[in-house]
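Going by the numbering used here, the sequence shown runs without a break in its numbering and finishes at 194.
Beta carbons: idealized from backbone N, C-alpha and C, even for Gly.
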Amino acid sequence: MKNKILLFTVLCLSVNLFSQNLNDSWQVGIGMGITKFSTSDAAFIGDAYQFQVPVLSLTMPVGERLSIDGAMSVNTIDDIGLINNSASYFSIDGSVRYNFNAVMEKFSPYAFIGASVVDSKKKMTPTFNIGAGGIYWITDKIGINPQIYYKHSLSSFDSMRSHIQGTLGLVFKLNWNNISKGTQGVSISGVGCM
């Protein structure tokens, strides 16, 4: 059994060392999200679940493995059948993302840490975030991006509670050369389908 675990670990590390980083370009995303509050927090907020659409994001690489990500979530639809948003939800998120090497050639996982400002009709409240996600690249320019956040609200704030937010979106790779390297110009041909 120990040999199998050791072999599995060596294989995973080998894949991680020799595969490519697929998150090395600017990306723009659009999608949807679902937020889950605990039972006691749902009584305070007004909803156990909330649906957000749109969820917009922009990711900029800042190093070989690091990216900066900005996102915005808004619940513009009050009722989607299964979920009825009785409370509003607006969030602006910022995070630093660590991009792992590609797994199975097309899937690029990542982990992130950051912060948000969340508004739910009561008052803007800061949260501290941690999460993970990944991008499965359907083509070399378009990917599917699931991710999950844990947004921690300090007990000193009485306007928001800690919660989990899951998002699912489409990501479009921008063909911008890394601006910080001073390369030849900008092309946005990767987002022609938007």
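> Which class does residue 67 belong to by DSSP, given the choice of helix, strand or coil?
Replying inline: Residue 67: strand per DSSP, three-state reduction.
> So, residue 35 versus residue 49, is the Cβ gap smaller than 8 Å?
Replying inline: Closer than 8 Å, so yes.
> Run through DSSP, which three-state label would residue 140 get?
Replying inline: Residue 140 falls in the coil class under three-state DSSP.
> By a C-beta neighbour count over all protein chains shown, 10 Å radius and 16 as the cutoff for buried, is residue 173 buried or exposed?
Replying inline: Classification for residue 173: buried.
> With respect to the beta strand (DSSP E) encompassing residue 57, which residues constitute its N-terminal and C-terminal limits?
Replying inline: First-last of the beta strand (DSSP E) with residue 57: 49-61.
>> Considering only the alpha carbon of each residue, which of 37, 27, 26 lies closest to residue 151?
In response: Across the set 37, 27, 26, the C-alpha of 37 shows the shortest separation from the C-alpha of residue 151.
> So, helix, strand or coil for residue 42, using DSSP?
Replying inline: The DSSP-derived three-state label of residue 42 is helix.
> Is it buried or exposed for residue 69, if we count other Cβ within 10 angstroms and need 16 for buried?
Replying inline: When all chains shown are included, residue 69 counts as buried.
>> For residue 125, count the other beta carbons within 10 Å of its own beta carbon; 16 or more makes it buried, fewer makes it exposed. Which is it?
In response: Its Cβ being crowded by 16 or more others within 10 Å, residue 125 is buried.
> Using the rule of at least 16 other Cβ atoms within 10 Å of the residue's Cβ for burial, across every protein chain shown, is residue 171 buried or exposed?
Replying inline: Classification for residue 171: buried.
> When we look at the beta-carbon of residue 104 and count the other beta-carbons within 10 Å, is it buried (16 or more) or exposed?
Replying inline: Residue 104 comes out exposed.
> In three-state terms, what does DSSP make of residue 100?
Replying inline: If DSSP states are grouped into helix, strand and coil, residue 100 belongs with coil.
> Residues in its own chain within less than 8 Å of residue 87 by CB, not counting five upstream and five downstream?
Replying inline: Around residue 87: 45, 46, 47, 50, 120, 121.
> At what residues does the beta strand (DSSP E) containing residue 170 begin and finish?
Replying inline: Note, residue 170: beta strand (DSSP E), 163-173.
> CA-CA distance, residue 153 and residue 84?
Replying inline: Near 23 Å, if we compare the C-alpha coordinates of residue 84 and residue 153.
> Got a sec, what are the start and stop residues for the beta strand (DSSP E) residue 76 sits in?
Replying inline: Under the DSSP assignment, residue 76 falls outside any beta strand (DSSP E); it carries neither an H nor an E label.
>> My output table needs one value for residue 91: the three-state DSSP class, helix, strand or coil.
In response: Strand.
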